[in-house]
Amino acid sequence: MKTLLVFEYRRGKLTEANLELFSFAAALGAQTAGVLIGAETLLPAYPGKLYLGDIVKCKDYNPEVHADIIMQAAQKEDPDYIVFIHSSYGWDLAPRVAARLKAAQVSEITGVSEGKFETGCCNGKMRRLVRPATTKAVLTIQEGAFCFTGEAEGTPAVEKLEPSADGAGLEFAGYEEPEKREVDLAKAEVIVSAGRGIGKKENVPAIAELAKSLKGELGASRPVVDAGWVDHNRQVGATGQIVSPKLYVACGISGAIQHLTGMRNSEFIVAVNKDKEAPISEVADVMVIADVMPFVAALTEKLKQ
Amino acid sequence: MKILVCIKQIPDMASKFKPNAANTWFTETDLAFRMNEYDEYAVEEAIKLKEKQGADPSDLVVLSVGPARVVEALKKALAMGCDRGVHIHDDESNLKDPWQIASLIAAYAKKENFDIIFTGMQSQDRGSGQVGVTLAGDLGCSCVTTAINFSLEAGVVTAKRELEGGAKGVVKLKLPAVVTCQLGLNTPRYPTLPNIMKARKKEIAVLKAAELSAEGPRAVTEKFYHPVKKGTGLVLEGEPAALAVKVLELIKEKTTVLRG
Ligand SMILES: Cc1cc2nc3c(=O)[nH]c(=O)nc-3n(C[C@H](O)[C@H](O)[C@H](O)COP(=O)(O)OP(=O)(O)OC[C@H]3O[C@@H](n4cnc5c(N)ncnc54)[C@H](O)[C@@H]3O)c2cc1C
Numbered sequence: 000m001k002t003l004l005v006f007e008y009r010r011g012k013l014t015e016a017n018l019e020l021f022s023f024a025a026a027l028g029a030q031t032a033g034v035l036i037g038a039e040t041l042l043p044a045y046p047g048k049l050y051l052g053d054i055v056k057c058k059d060y061n062p063e064v065h066a067d068i069i070m071q072a073a074q075k076e077d078p079d080y081i082v083f084i085h086s087s088y089g090w091d092l093a094p095r096v097a098a099r100l101k102a103a104q105v106s107e108i109t110g111v112s113e114g115k116f117e118t119g120c121c122n123g124k125m126r127r128l129v130r131p132a133t134t135k136a137v138l139t140i141q142e143g144a145f146c147f148t149g150e151a152e153g154t155p156a157v158e159k160l161e162p163s164a165d166g167a168g169l170e171f172a173g174y175e176e177p178e179k180r181e182v183d184l185a186k187a188e189v190i191v192s193a194g195r196g197i198g199k200k201e202n203v204p205a206i207a208e209l210a211k212s213l214k215g216e217l218g219a220s221r222p223v224v225d226a227g228w229v230d231h232n233r234q235v236g237a238t239g240q241i242v243s244p245k246l247y248v249a250c251g252i253s254g255a256i257q258h259l260t261g262m263r264n265s266e267f268i269v270a271v272n273k274d275k276e277a278p279i280s281e282v283a284d285v286m287v288i289a290d291v292m293p294f295v296a297a298l299t300e301k302l303k304q
Numbered sequence: 000m001k002i003l004v005c006i007k008q009i010p011d012m013a014s015k016f017k018p019n020a021a022n023t024w025f026t027e028t029d030l031a032f033r034m035n036e037y038d039e040y041a042v043e044e045a046i047k048l049k050e051k052q053g054a055d056p057s058d059l060v061v062l063s064v065g066p067a068r069v070v071e072a073l074k075k076a077l078a079m080g081c082d083r084g085v086h087i088h089d090d091e092s093n094l095k096d097p098w099q100i101a102s103l104i105a106a107y108a109k110k111e112n113f114d115i116i117f118t119g120m121q122s123q124d125r126g127s128g129q130v131g132v133t134l135a136g137d138l139g140c141s142c143v144t145t146a147i148n149f150s151l152e153a154g155v156v157t158a159k160r161e162l163e164g165g166a167k168g169v170v171k172l173k174l175p176a177v178v179t180c181q182l183g184l185n186t187p188r189y190p191t192l193p194n195i196m197k198a199r200k201k202e203i204a205v206l207k208a209a210e211l212s213a214e215g216p217r218a219v220t221e222k223f224y225h226p227v228k229k230g231t232g233l234v235l236e237g238e239p240a241a242l243a244v245k246v247l248e249l250i251k252e253k254t255t256v257l258r259g
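Sequence lines, in order, name chains S and B.
Okay, so the first sequence: first residue is 0 according to numbering that gives the first Met the number 0, each after it adds one.
Okay, so the second sequence: first residue is 0 according to numbering that gives the first Met the number 0, each after it adds one.
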């Protein structure tokens, strides 16, 4: 069995998640080759074959050109699986490669079992076991699901590839940085976060007050930020801040993977939710099954005593 | 300008999910359905674009694949401001893979020559995030995913893709194009009562899935199940005051945050 691992070069760096591709290939017991659209001066450490497209020629973002390079590598290697990280790079590119190969795609894989792949669904509440019905398959793996514990070493044997697609339908016009952060949640010892379960904007001050009583900062899940209830610079998660306070209190937050990514390394996690099955229970040290606002009021009062 | 927006109807995510008899997806009994959250942003963006066209009237079609119940989601999109609906009737849609769903939509869209197509970046129930991109591939148009900002000037789309950590990548695309929409792209409007009334007169054409595409699956769900319980946390239930006492004790015992 053979895998072609697609490494991600993100704004001048190789992402740490790239290492998880090796763990995934190991879980499959597969041989590996890799493909990278990046820079010759920054290569992943492993002893195998690496197909390399030049990031300057291919641009940071042009999925048509990147897919073309990956297809060239796939033609040379004839892999059973082409594997991406399920990131903004991977989920954008994988379906395009799958379409070119007329192959199955399984998204955001969390586990492997005998040629079948486990993936989360229903906002993380349920799982599916998926079997590709085609001889080749394109896979994206969930970041954090295949932790790499080994030592990355070795120098790959590089073969350079030239883009043969022009990708003219699309032009990359640069980056925009996130707005400057007034609060650095990463430094907070206590974070109390508001989720959609708090119900309305008028309830935000009560959550902020609990945060203050615990000498901590207010955080928020994404819908609360999108709705304009709380500032974006307080958003916790994949597209917000990654935090690891001593205490994290999640108020009315379901625990979608993109939120968990941002807070799962907190030392002690208290989740308040009316739904026992909410996926936040996977990481919570204490799961308080309650209507969130009356509980928050009661806890704030106790703290003030 | 011809605009298409594709929506999915999904169950409320706070529901309890039970496997169906074949163990391949959830049973729909007792579930309440609504429009996929990501698609609400797609519908809003499509309507905003239509409204901007002003004097040059556009045709905004909202499409959904699924059983009879999805008509409710179509009606909501029509009440929000779409011009007409297309229901690709498919009682088996939940068992189809993203490739099959994209093939159905493509079979319809090929004949219509849409200038721009909006979809959600993923559904909340399956979460594969494949249909929009696959559809674009099938139609041979360019595609940008995870749009958090969108504008169209002189036939060129400028979209901002949301990246990890909140940075954005700015992308320009020529029409025809597919844009998959991310949460926060805009503020989806609520249908007003007069618009709900008006929407009742809007057309919803019904097409049969079997007549559009007979593509087989490329990926098959073998099992649908609850995750093995990973959490080892304590579960507390009771009255707020008693819970607060208990939680405070635990915080004092297990963390150092209230010391000193
Ligand atoms: C690419 C991408 C990036 C993303 N980045 C982020 C990110 O950085 N951060 C982030 O948070 N999300 C992110 N998301 C969104 C994420 O997928 C979820 O949609 C989001 O985290 C859900 O927020 P929530 O838990 O507040 O809301 P919901 O999922 O709606 O959950 C609300 C919870 O409140 C509970 N509840 C409701 N009422 C009550 C009550 N009265 N009392 C107690 N509990 C109650 C419900 O049981 C439910 O569990 C991202 C998504 C994508 C696709």
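Note that beta-carbon positions come from the ideal geometry of N, C-alpha and C, so glycine has one too.
Asked: Answer with buried or exposed for A277/S, where buried requires no fewer than 16 other C-beta atoms within 10 angstroms of its C-beta.; Found: buried
Asked: So with CB distances below 9 Å, who are the chain B contacts of A103/S?; Found: D96, W98, P216, R217, A218, V219
Asked: From what residue to what residue does the alpha helix (DSSP H) around R217/B run?; Found: R217/B -> no alpha helix (DSSP H), and no H or E assigned at all.
Asked: With burial defined as no fewer than 16 other Cβ atoms inside 10 Å of the residue's Cβ, what is the status of N17/S: buried or exposed?; Found: buried
Asked: Among L172/B, L151/B, K167/B, T118/B, whose alpha-carbon lies nearest the alpha-carbon of C140/B?; Found: L172/B
Asked: Scan the stretch 161-190 of chain S for residues whose Cβ lies nearer than 7 Å to a Cβ of chain B and list them as they occur along the chain.; Found: G168, L169, E170, F171, A172, G173, Y174, E175, E176, P177, E188, V189
Asked: For V69/B, which residues from the same chain have a beta carbon less than 7 Å from its beta carbon, with the 5 sequence-adjacent residues on both sides left out?; Found: Q8, S63, H86
Asked: Could you spell out the range, first to last residue, of the alpha helix (DSSP H) harbouring D225/S?; Found: 221-225
Asked: From E238/B to F294/S, what does the alpha carbon distance come to, in whole angstroms?; Found: 8 Å
Asked: Closest to P222/S by C-alpha separation, out of Q234/S, K211/S, K214/S, L213/S, would be which residue?; Found: Q234/S
Asked: When you compare only the Cα positions, how much space is there between M79/B and I104/B?; Found: 22 Å
Asked: I'd like the list of long-range same chain contacts for Y107/B, defined as Cβ closer than 8 Å, with 5 residues on each side in sequence excluded.; Found: L62, V85, I87, L206, L211
Asked: Measuring from the CB of A277/S, is there a heavy atom of ligand 1 at a distance below 7 Å?; Found: yes
Asked: For Q8/B, go through chain S and note every residue whose CB falls closer than 8 Å to its CB, in chain order.; Found: Here the premise fails: no neighbours, minimum Cβ distance about 14 Å.
Asked: Just to check, is the beta-carbon of A237/S closer than 7 Å to a non-hydrogen atom of ligand 1?; Found: yes
Asked: Please confirm if N122/S has its CB atom under 8 Å from at least one CB of chain B.; Found: yes
Asked: So with CB distances below 7 Å, who are the chain B contacts of N239/S?; Found: Here the sequence assigns Gly to residue 239/S, which means Asn is not the residue at that position. Under the 7 Å cutoff, chain B gives G165.
Asked: At a Cβ cut of 9 Å, what residues of the stretch 223-238 of chain B count as close to chain S, listed as they run along the chain?; Found: F223, Y224, H225, P226, V227, K228, K229, G230, T231, G232, L233, V234, L235, E236, G237, E238
Asked: For the candidate residues C250/S, G218/S, G110/S, whose alpha-carbon lies nearest to that of E181/S?; Found: G218/S
Asked: Based on Cα-Cα distance, which residue from N148/B, E39/B, D96/B, V156/B lies nearest to K75/B?; Found: E39/B
Asked: Could you tell me which residues DSSP puts in a beta bridge with N272/S?; Found: I288/S
Asked: Can you pull out the residues from the stretch 284-297 of chain S whose beta carbon lies closer than 8 Å to at least one beta carbon of chain B?; Found: D284, V285, M286, V287, I288, A289, D290, P293, F294, A296, A297
Asked: Could you run through the stretch 171-184 of chain B and flag, in chain order, every residue whose CB is less than 7 Å away from some CB of chain S?; Found: K171, L172, K173, L182, G183
Asked: If we count the other Cβ atoms within 10 Å of its Cβ and call it buried at 16 or more, is D284/S buried or exposed?; Found: buried
Asked: With distance defined between alpha-carbon atoms, name the residue in D11/B, T145/B, E221/B nearest to A132/S.; Found: E221/B
Asked: Check the Cβ-Cβ distances between W90/S and every residue of chain B, and say whether any is below 8 Å.; Found: yes
Asked: Using a C-beta cutoff of 8 Å, does P94/S count as contacting chain B?; Found: yes
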